[in-house]
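*Asks:* Position in the sequence shown (from 1) plus 103 gives the number in the numbering used here.
Glycine included, each C-beta is placed from N, C-alpha and C at the ideal position.
It should be emphasised that the depicted structure is a prediction, and the values quoted were computed from it without experimental measurement.
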Amino acid sequence: MRGFSSPLLACLLLLTGCQSMTQSPDDVSQTQASAVQATPQTPLPPIQGLDAEGVTALLSAEIAGQRDQVDYALRVYLEQAIRLQEPSLARRATYIAQYAGDNDSAVEAAAFWSESAPDNLEAHRINSTLLVQQGDLLAAFEHQKRLLELGEKTHFSYLASQSERKAPAIREELLINLQSLRPEFPQQADLLTAIAQLLTFKGEYIDALKAVDQALAIKADDISAILLKSGLTGQVSTVSDGLKVLRQGIKQYPNNLRLQLALARALLKDGQIEEAKEVFSQISDKHPENGQLTLSLALILMESGLLEQAKQELEKLLANQQETHSAHYYLGRLAEQQQDIEGAIFHYQEVEGGKDFLQAHARAARIQIQRGKIDDARVHLARIRLNHPEQRVKLYLIESELLQGVHETDQAYGVLTEAVNTLGNDYELLYARAMLALQLKDLVSMEADLRLILETEPNNAMVLNTLGYTLAEYTDRYSEALLLVRKAYALKPGDPAITDSLGWAYFKLGQLNEAILFLQQAYDEMQDEEIASHLLETYWVAGHKEEAIALLQEAVQLFPEHELIEQVLLRFPELKNALDNDYPFDNKINSNTDKETDA
104 MRGFSSPLLA CLLLLTGCQS MTQSPDDVSQ TQASAVQATP QTPLPPIQGL
154 DAEGVTALLS AEIAGQRDQV DYALRVYLEQ AIRLQEPSLA RRATYIAQYA
204 GDNDSAVEAA AFWSESAPDN LEAHRINSTL LVQQGDLLAA FEHQKRLLEL
254 GEKTHFSYLA SQSERKAPAI REELLINLQS LRPEFPQQAD LLTAIAQLLT
304 FKGEYIDALK AVDQALAIKA DDISAILLKS GLTGQVSTVS DGLKVLRQGI
354 KQYPNNLRLQ LALARALLKD GQIEEAKEVF SQISDKHPEN GQLTLSLALI
404 LMESGLLEQA KQELEKLLAN QQETHSAHYY LGRLAEQQQD IEGAIFHYQE
454 VEGGKDFLQA HARAARIQIQ RGKIDDARVH LARIRLNHPE QRVKLYLIES
504 ELLQGVHETD QAYGVLTEAV NTLGNDYELL YARAMLALQL KDLVSMEADL
554 RLILETEPNN AMVLNTLGYT LAEYTDRYSE ALLLVRKAYA LKPGDPAITD
604 SLGWAYFKLG QLNEAILFLQ QAYDEMQDEE IASHLLETYW VAGHKEEAIA
654 LLQEAVQLFP EHELIEQVLL RFPELKNALD NDYPFDNKIN SNTDKETDA
């Protein structure tokens, strides 16, 4: 990872109050791509209240950045942003975190940025982008809402589209939130399109179609709305009518590639192969220089099962020296799908960059390892590490994970040890080695690695929680475990995993009322089997038998495999007996626990 701006120059800019910035906040788009444009090299505007302590700290942060010590630089910028209540420092911390790939810190910094500058458009855009990436659509909605209130372009429809795989309750809450804005903003097409998308996910196609028609009446060139209307029309009427919507859209906007690609995909889905090929051909002829378009066509063909046609498009990219990394990657995927193992390995190993770089080499190594050629895979990964030193950490992690996948746990641990010895105490490497040490039941080594991380990151909530939970679960150092988890909880009070650990530490100490309080809070926040098993055991031990049985009934429905629940029943057969006597409904749990008891 390369360092960022000259430290001396950066501090001179701070002290002289240089006003220049590479980007105006109002010019930054919603997308992650534009966020990346504002790297840590962006000079800062004047900072109100900057004192000697701040200058010293920021100078040390810039020097650290120049030396690739980005984690330290990030921490200092965030600390100074909070101390000085300075949005520009929070902005810089946000972009440094993105530059470092530290998503959690980016979210934390961006949250403070928008809190300290509530009318800053860029802050709300970046917050929304980061929260969508984290999967927190409801929090992202609040930033989109603020953009709407500030009169800025919104992306509610994108939020809605990202909710497809979320829990129905989250989609419903998002829908209610969007509908609540309608009276105040009746002419917002994006709002209507988002509502239509969520109604579609609910299967309420008629109401969704009405909403999307309203959106198009306000903004006829809303391509997302046209695409949604096409799909809805196909649902409530016929596929043919849905295709007519697309064709009408193309007639109005003949140069729009999204509509043309959607038509080609819809034709393929409807089995109109020849007509789809004709559309593909027309698109390709119009844009022979557009490698990304050719790649999109190839991927659509792959999705539709037209593998030979997809292969031809990908080979065309190689011949034209366009999108070569992606072309090799997908040719590898095709070869693997067609059982051409050597061809797959060849193409994967030809990927020398791009977004699929790590995935390609991981796949190549996985194939070799599965074929018993472990040494070949490891030699290849070692060569790639030499050629791509910026990816060494990820490549070491990949090698270790692949070896674990074939139960070569000792070799996997050795890889991580080599990595730490070569690259130093990198957070990801130490944490991965700690988790592997836990698998090997080497608690001493695990604790040592986690404490190494805490020496440089004493406020790392995840590491504090991991160490605290491990001590509570596998040792009798319960008081020490509680201190660690309480610190993690103070840093991240809304994290259900940490709340669960806190409750479990109290349980181990015999403080059952406190345990129930925090475990119930964790379970309310996230219905997870491990949390449920902890709460179930605590209820039973505390004598809350009705609550325990009610939770057990719910848990076996929510978690079909319920292996952790079964472990609790093995430890407490009287709980299983109570279930049998009062609620004889679950044969699987009875038969499984009986078998394990007999064993």
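#1: Let me know the secondary structure DSSP gives Leu440 once reduced to three states.
#2: How would you write the range of the alpha helix (DSSP H) that Arg486 sits in, first residue to last?
#3: Give me the Cβ distance between Ala591 and Ile601, rounded to the nearest whole Å; I'm assuming they're in contact under 8 Å.
#4: Give me the Cβ distance between Leu638 and Leu622, rounded to the nearest whole Å; I'm assuming they're in contact under 8 Å.
#5: Would Glu531 pass as an interface residue toward chain C - the criterion being a Cβ-Cβ separation below 8 Å?
#6: Are the CB atoms of Ile619 and Ala625 nearer to each other than 8 Å?
#7: Measure how close the beta-carbons of Ala480 and Ile472 come, nearest whole angstrom, since I'm counting them as under 8 Å.
#8: Closest to Pro604 by CA distance: which of Gln507, Ala379, Val588 and Asp478 is it?
#9: Give me the Cβ distance between Leu437 and Leu402, rounded to the nearest whole Å; I'm assuming they're in contact under 8 Å.
#10: Within the continuous alpha helix (DSSP H) that includes Asp513, where are the two ends?
#11: For Glu275, which residues of its own chain have a beta-carbon under 7 Å away from its beta-carbon, when the five flanking residues on both sides are left out?
#12: Can you name, in chain order, every residue of its own chain whose Cβ lies under 6 Å from the Cβ of Ala263, other than the five neighbours on each side?
#13: So, with DSSP's three-state summary, where would you put Gln291?
#14: Can you tell which of Gly457, Gly508 and Ile470 has the C-alpha that lies nearest to the C-alpha of His491?
#15: Assign Gln126 to one of two classes, buried (16 or more other C-beta atoms within 10 Å of its C-beta) or exposed (fewer than that).
#16: Do you know offhand how far Ser327's Cα is from Asn359's?
#17: Rounding to the nearest angstrom, what Cα-Cα distance links Thr520 and Asp513 in this structure?
#18: I need the straight-line Cα distance from Phe675 to Ala658, nearest angstrom please.
#19: Apart from the five residues on each side of it in sequence, which residues of its chain come closer than 7 Å, Cβ to Cβ, to Ala653?
#20: Which one of Ile376, Thr159 and Leu177 has the shortest CA to CA distance from Thr559?
#21: What would DSSP say about Asn616, mapped onto helix, strand or coil?
#22: Apart from the five residues on each side of it in sequence, which residues of its chain come closer than 6 Å, Cβ to Cβ, to Asp344?
#23: In three-state DSSP terms, what is Thr232?
#24: Quick check on the DSSP output: what are the complete beta strand (DSSP E) runs of length 3 or more inside the stretch 392-471, in order along the chain?
#25: For Gln412 versus Val382, is the C-beta spacing smaller than 8 Å?
#26: May I ask you to verify whether the stretch 192-212 touches the stretch 569-577, counting CB pairs closer than 8 Å and requiring at least 3?
#27: Do you know how far the Cα of Gly238 is from the Cα of Leu319?
#28: So, are the CB atoms of Ala369 and Leu396 less than 8 Å apart?
#29: Would you report the Cα separation of Val339 and Val348, rounded to the nearest angstrom?
#30: For Tyr202 and Val235, which I take to be in contact (beta-carbon distance under 8 Å), what is that distance rounded to the nearest angstrom?
#31: Nearest by alpha-carbon distance to Glu677: which of Glu640, Glu245, Leu667 and Pro663 is it?
#32: Identify, in the order they occur along the chain, each residue of the same chain with its Cβ nearer than 6 Å to the Cβ of Ala292, setting aside the five sequence neighbours on each side.
#33: If distances are taken between C-alpha atoms only, which option among Pro391, Ala463, Gly408 and Asp529 comes closest to Tyr175?
#34: Could you tell me which uninterrupted alpha helix (DSSP H) segments, each at least 4 residues in length, are contained entirely in the stretch 316-384, listed from first to last along the chain?
#35: Locate the alpha helix (DSSP H) running through Ser266, then write down its first and last residues.
#36: Would you identify the three-state DSSP class for Thr578, choosing helix, strand or coil?
*Replies:* The answer reads as follows:
#1: Position 337 of the sequence shown, counted from the first residue, corresponds to residue 440. In the sequence as presented, Leu is not what sits at residue 440; that position holds Gln. Assigned with DSSP and collapsed to three states, Gln440 falls in helix.
#2: Counted from its first residue, the sequence shown places residue 486 at position 383. From DSSP, the alpha helix (DSSP H) with Arg486 extends over Ile477 to Asn490.
#3: For the purposes of this step, residue 591 is taken as residue 488 along the sequence shown, with counting starting at 1. For the purposes of this step, residue 601 is taken as residue 498 along the sequence shown, with counting starting at 1. Correct: roughly 5 Å between the Cβ atoms.
#4: Walking along the sequence shown from the start, residue 638 turns up at place 535. Walking along the sequence shown from the start, residue 622 turns up at place 519. By a beta-carbon distance limit of 8 Å, Leu638 contacts Leu622. Their separation comes to about 4 Å.
#5: The structure shown contains no chain C, having only a single protein chain.
#6: Your numbering for residue 619 matches position 516 in the sequence shown. Your numbering for residue 625 matches position 522 in the sequence shown. Not in contact: Ile619 and Ala625 (Cβ atoms no closer than 8 Å).
#7: By 1-based counting over the sequence shown, the position of residue 480 is 377. By 1-based counting over the sequence shown, the position of residue 472 is 369. The C-beta distance from Ala480 to Ile472 rounds to 5 Å, short enough to fall under 8 Å.
#8: The residue given as residue 604 occupies position 501 in the sequence shown. Correcting the residue type first, residue 604 is Ser in the shown sequence and not Pro. Between Ser604 and the set Gln507, Ala379, Val588 and Asp478, the nearest pair of CA atoms involves Val588.
#9: Within the sequence shown, residue 437 is the residue found at index 334, counting from 1. Within the sequence shown, residue 402 is the residue found at index 299, counting from 1. Not a contact, Cβ separation roughly 11 Å.
#10: On the sequence shown, residue 513 is found 410 positions in, with the first residue counted as 1. It spans Thr512 to Leu526 - the alpha helix (DSSP H) in which Asp513 sits, taken as one unbroken run.
#11: For this step, residue 275 is matched to residue 172 along the sequence shown. There are no such residues.
#12: In the sequence shown, residue 263 corresponds to position 160, counting from 1. The answer, listed in chain order, is Ala297, Gln300 and Leu301.
#13: Indexing the sequence shown from 1 puts residue 291 at position 188. Three-state DSSP puts Gln291 in coil, outside helix and strand.
#14: Counting from 1 along the sequence shown, the entry for residue 491 is found at position 388. If you compare the alpha carbons of Gly457, Gly508 and Ile470 with that of His491, the shortest gap goes to Gly457.
#15: Your numbering for residue 126 matches position 23 in the sequence shown. A caution first: Gln126 carries a pLDDT of 34, below 50, which makes its placement in the model unreliable, though a value can still be read off. In summary, Gln126 is exposed, with fewer than 16 beta-carbon neighbours lying within 10 Å of its beta-carbon over all protein chains present.
#16: As a working mapping, residue 327 is identified with position 224 in the sequence shown. As a working mapping, residue 359 is identified with position 256 in the sequence shown. One C-alpha to the other measures close to 12 Å.
#17: If you number the sequence shown from 1, residue 520 lands on position 417. If you number the sequence shown from 1, residue 513 lands on position 410. Between Thr520 and Asp513, the alpha-carbon positions lie close to 11 Å from each other.
#18: Indexing the sequence shown from 1 puts residue 675 at position 572. Indexing the sequence shown from 1 puts residue 658 at position 555. Their Cα atoms are separated by approximately 16 Å.
#19: As a first step, residue 653 must be located in the sequence shown, where it is residue number 550. Excluding positions up to five away in sequence, the list is empty.
#20: In the sequence shown, counting from the first residue as 1, residue 559 sits at position 456. Taking only the C-alpha atoms, the option nearest Thr559 is Leu177.
#21: For this step, residue 616 is matched to residue 513 along the sequence shown. Looking at Asn616 - three-state DSSP - the assignment turns out to be helix.
#22: The residue you call residue 344 lines up with position 241 of the sequence shown. By the criterion of a C-beta distance shorter than 6 Å, Asp344 is surrounded in its chain by Thr336, once the five residues flanking it on both sides are discounted.
#23: As a position in the sequence shown, residue 232 is number 129, starting the count at 1. Reduced to three states, the DSSP call for Thr232 is helix.
#24: For the beta strand (DSSP E) assignment, the stretch 392-471 encloses no uninterrupted run of at least 3 residues.
#25: Here residue 412 refers to the residue found at position 309 of the sequence shown. Here residue 382 refers to the residue found at position 279 of the sequence shown. The beta carbons of Gln412 and Val382 sit no closer together than 8 Å.
#26: The stretch 192-212, when compared against the stretch 569-577, does not touch it at the 8 Å Cβ threshold.
#27: Numbered from 1 along the sequence shown, position 216 holds the residue referred to as residue 319. Numbered from 1 along the sequence shown, position 135 holds the residue referred to as residue 238. Per the coordinates, the alpha-carbon of Leu319 lies some 28 Å from the alpha-carbon of Gly238.
#28: If you number the sequence shown from 1, residue 369 lands on position 266. If you number the sequence shown from 1, residue 396 lands on position 293. 8 Å or more divides the Cβ of Ala369 from the Cβ of Leu396.
#29: For the purposes of this step, residue 339 is identified with residue 236 of the sequence shown, where counting begins at 1. For the purposes of this step, residue 348 is identified with residue 245 of the sequence shown, where counting begins at 1. Roughly 13 Å separates the two Cα atoms.
#30: Start at 1 with the first residue of the sequence shown, and residue 202 comes out as number 99. Start at 1 with the first residue of the sequence shown, and residue 235 comes out as number 132. Contact between Tyr202 and Val235 does not hold, since their C-beta atoms are separated by about 19 Å, which reaches or exceeds 8 Å.
#31: Working through the sequence shown from its first residue, we reach residue 677 at position 574. Nearest option by C-alpha distance: Glu640.
#32: If you number the sequence shown from 1, residue 292 lands on position 189. Excluding positions up to five away in sequence, the list reads Ala318, Ile321, Lys322 and Asp325.
#33: Here residue 175 refers to the residue found at position 72 when the sequence shown is read from its first residue. Tyr175 has its Cα closest to that of Asp529, out of Pro391, Ala463, Gly408 and Asp529.
#34: DSSP assignment within the stretch 316-384 yields the following whole alpha helix (DSSP H) runs of 4 residues or more, N-terminal first: 326-339, 342-355 and 360-372.
#35: Taking the first residue of the sequence shown as 1, we reach residue 266 at position 163. In the DSSP assignment, Ser266 falls outside any alpha helix (DSSP H), carrying neither H nor E.
#36: Stepping through the sequence shown from its first residue, residue 578 is reached at position 475. In this structure, Thr578 counts as coil in the three-state DSSP scheme.
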